[in-house]
Each structure stands twice: as C-alpha cells, then as structure tokens.
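Working notes, beginning with the structure itself.
In the working numbering, the protein residues as written are 636 to 771.
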C-alpha cells in the first residue's frame, strides 16, 4: 500500500493546483516526490512543509529565482545557514517596506472614508426639512 499524500490531496491541503505543483518541480523549486508502486507522486509531510514555505515565500513576493536559490542552499546543508539568513533578511526588508506602504495607503483610504461621512452628515442636515413649526 502506498503511503504519503497524492497530488490531489496536496492540492486540496495547499490550495495549489496539480499543474502548479508539477511546475514547481520542473522549475527546481521542489524536489520531485517519491513515487508509489503505481508511479503516482506520493508526498511526505516534509514535502508538504516545503510546499507551504514555498507558497508563503511566493505570496510575499519572493522571486522564483530567489526561492530556487533558497532551496538549493537548504539542500546544501547547514553550512549555508548564513547565506540563507541573508537571503531571508533581504526579503523580509522588502516585505516590511511593502507593509509600511500598505499601512500608509490604508490611512489615506480611512481619511477619505471619514471625509465622505462628514460630507454625508452635512448634506443630510441641509436636506432635512426643519422640524420647527412656524407660528400660524
């Protein structure tokens, strides 16, 4: 009996399509997984961990070339820890800069929303008929 996860199970667990998983293998981002007796891919929990890390790195904007380099360094062993740390430190700086920009963008959007709420309140006050009764 084959052990490990099928490509469909990994796809369901990660949100990646089978096509994307195969592409990541061809691109050198993932090691080809073991094959079951039927020749189908069988992914281990370690494979799933690497796929999740790869997905996070890509989601945060790391280039395919840098992801490939990172995993090459991982495969090369602990002697590459300093270079891996440098690569991740540089990537982190870029992510932090994008977050800061997004926070500034969000602040501007919040300001505009508040401005429109103020305009709506002023407009509603002017457009509302007076409730004060006039003397007859």
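Just so you know, even glycine gets a beta-carbon here, dropped at the ideal spot from N, CA and C.
Residue i (DSSP reduced to helix, strand or coil)
i: residue 763; result: coil
i: residue 689; result: helix
i: residue 743; result: helix
i: residue 640; result: strand
i: residue 698; result: coil
Pick from the options that is closest to residue i, judged by C-alpha positions
i: residue 722; options: 735, 700, 673; result: 700
i: residue 728; options: 648, 644, 697; result: 697
i: residue 678; options: 735, 648, 754; result: 648
i: residue 720; options: 702, 671, 668; result: 702
Alpha carbon of residue i to alpha carbon of residue j, nearest angstrom
i: residue 650; j: residue 657; result: 14 Å
i: residue 714; j: residue 708; result: 9 Å
i: residue 646; j: residue 731; result: 29 Å
i: residue 737; j: residue 687; result: 24 Å
i: residue 659; j: residue 725; result: 23 Å
i: residue 673; j: residue 655; result: 22 Å
i: residue 746; j: residue 763; result: 26 Å
Any chain B beta carbon closer than 9 Å to residue i
i: residue 654; result: Among the protein chains of the structure shown there is no chain B, as only one such chain exists.
Residues bridged to residue i [DSSP beta-bridge criterion]
i: residue 661; result: Beta-bridge pairing links residue 661 to no other residue.
i: residue 678; result: 640
i: residue 669; result: 677
Counting pairs of Cβ atoms below 8 Å between the region 678–694 and the region 637–651, do you hit three or more?
-> At 8 Å Cβ cutoff, the stretches touch.
Is the region 689–703 close to the region 660–674, with three or more CB pairs under 8 Å?
-> Cβ pair count under 8 Å is three or more, so yes.
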